[in-house]
Amino acid sequence: MQRIDQAGSFRLGDYDIKRLGYGAMQLAGPGVFGPPRDRGAALAVLREAAAHGVDHIDTSDFYGPHVTNQVIREALHPYPDGLTIVTKVGAVRGDDGSWNPAQDATALTAAVHDNLRNLSLDVLDVVNMRFMGDGDGHGPAEGSVEPQLAALARLQDQGLIRHIGLSNATPKQVEQARGIVEVVCVQNQYNIAHRDDDGMIDALAADGIAYVPFFPLGGFSPLQSETLSDVSARLGATPMQVALAWLLRRSPNILLIPGTSSVAHLHENLAAASVELSDEAVAALNGIGVTNAER
Ligand SMILES: NC(=O)c1ccc[n+]([C@@H]2O[C@H](COP(=O)([O-])OP(=O)(O)OC[C@H]3O[C@@H](n4cnc5c(N)ncnc54)[C@H](OP(=O)(O)O)[C@@H]3O)[C@@H](O)[C@H]2O)c1
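See below:
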């Protein structure tokens, strides 16, 4: 049994969360659309994660759509004490699988109700407001976030949301949002090779706010690097474990949600909690990363 407690915990709003969690996006069908290829395997991944003490699951009702939340409910409801489910709103899926912004108050209210219904919850633990950005949609773009946060604040006042987070946000948007609501976490793209948010991570850590990197393993094309392979081989660990261990070491406010549809990969990822990196290993791994300015 992996000891994920070794990775430590962090206070997210009023929940104590283990720093090693699970991201459920990979449980929907190809392209995060439609049912999983093997529903039994998807249920098994979730149950295995919970059995190993995972107490933080990241999801959205736009995965599938609806499918991922329904699989979580089937696997784990009634939910174990202490499980925190973090979801996100801000998009809807087209019939062709496209991801379309859905950010007005009506759409956000509908999304919160979709999450409540499909997860069988009365209150959502944490809702991340996912901004759509530009380009491939995984990078943030400036713009006022007041209308979206005002809408989520109203849903929070109605008792439907306990905590609010942000996703795909710039530092300026984080600052603006924090003037409107209490922000407990920021979920942006970040990993050992993609380090645009280095400054934001340190600023959030100073204020006790969690930073939850999406694509911690590189996303749809998992990370590949000679340095990562060399360091892993020396440690007797796998490259994915070292990529996660590096994130755990990077800052105490980083919470991990690696995604997988495979029980074997889940076990491998959870075992990252006990991978110890020497200072020399960290120095070598730090050389992998680039920021936007360097690209
Ligand atoms: N806020 C946002 O905009 C946003 C965007 C994307 C994702 N997310 C969240 O972040 C979570 C993590 O991101 P992600 O799942 O897209 O990317 P990820 O965790 O970086 O990587 C997942 C990919 O790595 C593979 N993988 C996982 N463990 C592995 C291992 N030990 N060895 C080899 N390959 C492995 C998975 O394939 P297998 O299934 O074959 O293991 C999958 O292809 C998601 O699940 C989702 O909850 C949020």
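So that you can map any letter, position 202 of the sequence shown is 202 in the UniProt record's numbering, and since no number is skipped, the others follow by simple counting. For every residue, glycine included, the Cβ atom is placed at its ideal position computed from N, Cα and C.
Looking only at its chain, what residues have a beta carbon closer than 6 Å to the beta carbon of residue 296, apart from the 5 residues adjacent to it on each side? Here the chain comprises residues numbered 1 to 295, so residue 296 is not present and cannot be evaluated.
Reference Ile286; option with closest CA among Ala245, Glu268 and His265: To locate residue 286, count along the sequence shown from 1; it is residue 286. Just to set this straight, residue 286 is Asn in the shown sequence, not Ile. Measuring from the Cα of Asn286, the nearest candidate turns out to be Ala245.
Out of Ala177, Val126, Phe131 and Asn168, which has the shortest C-alpha to C-alpha gap to Ala150? Position 150 of the sequence shown, counted from the start, is the residue given in the question as residue 150. Minimum Cα distance to Ala150 is reached at Ala177.
Proximity winner among Val212, Ala153 and His163, relative to Ala169 (alpha-carbon distances): Position 169 of the sequence shown holds residue 169. Minimum Cα distance to Ala169 is reached at Val212.
Ends of the alpha helix (DSSP H) at His265? Looking up residue 265 in the sequence shown gives position 265. From DSSP, the alpha helix (DSSP H) with His265 extends over Val263 to Leu270.
In this structure, does DSSP put Val212 in helix, strand or coil? Here residue 212 corresponds to residue number 212 of the sequence shown, with the count starting at 1. If DSSP states are grouped into helix, strand and coil, Val212 belongs with coil.
Let me check you understand the geometry: is the CB of Phe220 closer than 8 Å to at least one non-hydrogen atom of ligand 1? In the sequence shown, counting from the first residue as 1, residue 220 sits at position 220. Yes, ligand 1 has a heavy atom inside 8 Å of this Cβ.
Proximity winner among Gly21, Asp16 and Arg117, relative to Pro65 (alpha-carbon distances): Taking the first residue of the sequence shown as position 1, residue 65 is located at position 65. Of the candidates Gly21, Asp16 and Arg117, the one whose C-alpha sits nearest the C-alpha of Pro65 is Arg117.
Taking the continuous beta strand (DSSP E) assigned at Asn165, which residues delimit it? By 1-based counting over the sequence shown, the position of residue 165 is 165. Note that residue 165 corresponds to Gly in the displayed sequence, not to Asn. Gly165 -> beta strand (DSSP E) spans Ile161 to Ser167.
For Arg93 and Phe62, which I take to be in contact (beta-carbon distance under 8 Å), what is that distance rounded to the nearest angstrom? By one-based count along the sequence shown, residue 93 stands at place 93. By one-based count along the sequence shown, residue 62 stands at place 62. Between Arg93 and Phe62 the beta-carbon gap is near 6 Å, inside 8 Å, which marks them as a contact.
Grouping DSSP H, G and I as helix and E and B as strand, with all else coil, what is Val112? Start at 1 with the first residue of the sequence shown, and residue 112 comes out as number 112. Helix.
Identify, in the order they occur along the chain, each residue of the same chain with its Cβ nearer than 6 Å to the Cβ of Gly97, setting aside the five sequence neighbours on each side. One-based indexing of the sequence shown puts residue 97 at position 97. Cβ within range, chain order: Gly31 and Phe33.
Is the closest heavy atom of ligand 1 to the C-beta of Gln148 under 8 Å? Taking the sequence shown and counting its residues from 1, one reaches residue 148 at position 148. Outside the cutoff, so no.
Going by DSSP in three states, Asn286 sits in which element: helix, strand or coil? Taking the first residue of the sequence shown as position 1, residue 286 is located at position 286. Three-state DSSP puts Asn286 in a helix.
Could you give the C-beta distance for Ser225 and Ala205, rounded to a whole number, given that I count them as a contact under 8 Å? Position 225 of the sequence shown holds residue 225. Position 205 of the sequence shown holds residue 205. Contact doesn't hold; Cβ gap of about 25 Å is too wide.
Determine the DSSP secondary structure at Met240, reduced to helix, strand or coil. Start at 1 with the first residue of the sequence shown, and residue 240 comes out as number 240. Reduced to three states, the DSSP call for Met240 is helix.
Just to check, is the beta-carbon of Leu217 closer than 8 Å to a non-hydrogen atom of ligand 1? Position 217 of the sequence shown holds residue 217. Yes; taking the cut-off as 8 Å, the Cβ of Leu217 has a heavy atom of ligand 1 nearer than that.
For Lys172, which residues in the same chain have their Cβ closer than 8 Å to its Cβ, ignoring the five residues on either side in sequence? Here the question's residue 172 lines up with position 172 in the sequence shown. Hits under 8 Å: Glu142.
Pull up the DSSP beta-bridge partners for Asp230, would you. Position 230 of the sequence shown, counted from the first residue, corresponds to residue 230. Answer is none; Asp230 lacks a bridge partner.
Nearest-angstrom Cα distance between Gly8 and Gly135? If you number the sequence shown from 1, residue 8 lands on position 8. If you number the sequence shown from 1, residue 135 lands on position 135. Their backbone Cα atoms lie some 35 Å apart in a straight line.
For ligand 1, I want to know if Gln26 counts as a neighbour, meaning its beta carbon is within less than 8 Å of at least one of the ligand's heavy atoms. Working through the sequence shown from its first residue, we reach residue 26 at position 26. True, at least one ligand heavy atom lies under 8 Å from that Cβ.
Please classify Gln241: is it buried, with 16 or more other beta-carbons within 10 angstroms of its beta-carbon, or exposed? Here residue 241 refers to the residue found at position 241 of the sequence shown. Buried, since its Cβ has 16 or more Cβ neighbours within 10 Å.
Taking Ala193 as part of the alpha helix (DSSP H), name the residues at either end of that continuous run. Within the sequence shown, the letter at position 193 stands for residue 193. Neither: Ala193 is in no alpha helix (DSSP H) and is coded neither H nor E.
Proximity below 9 Å, CB of Gln148 to CB of Phe131: As a working mapping, residue 148 is identified with position 148 in the sequence shown. As a working mapping, residue 131 is identified with position 131 in the sequence shown. Closer than 9 Å, so yes.
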